[in-house]
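Before any comments, here is the structure.
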Amino acid sequence: MDQNLQYLHEVLSNYTESHQAVYDIDQNMMEHGYSSEELFVRNLTEEQSRILREIISKEMNHASESGDFERSYQLNRVFEILY
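Residue numbers (full-length UniProt numbering): 1 to 83.
This is the structure we're talking about:
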């Protein structure tokens, strides 16, 4: 699996227990083992893309505030593709 998607998987794991849609997105990502962010994003529905944009935006802000610039950068790569 792509490294950026591994970062995304770590982030999503914080939401999977309380949000079924996030669990479904994460399961899809893990089952298919996408080799790139582009392939992963192409297989999302509009609703899944919207959910991911919200989560990634929140998590990038958190990573930047805590000084985890690597995580912020990796998440930003996926975030850009969602648009």
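For each residue, glycine too, the CB sits at the ideal point set by N, CA and C.
Item	Value
Within the chosen definition, does the region 9-20 reach the region 52-59 through at least 3 CB pairs nearer than 8 Å?	yes
Arg37 and Asp68: beta carbons closer than 8 Å?	Strictly speaking, residue 37 in this sequence is Glu, with Arg absent from that position. Contact: no.
Cα-Cα, which of Asn28, Arg77, Val22 is closest to Leu52?	Val22
Kindly give me the distance between the Cβ atoms of Phe79 and Met60, rounded to whole angstroms, as I take these residues to be in contact under 8 Å.	7 Å
Looking at Asn4: is its Cβ nearer than 8 Å to the Cβ of Gln74?	yes
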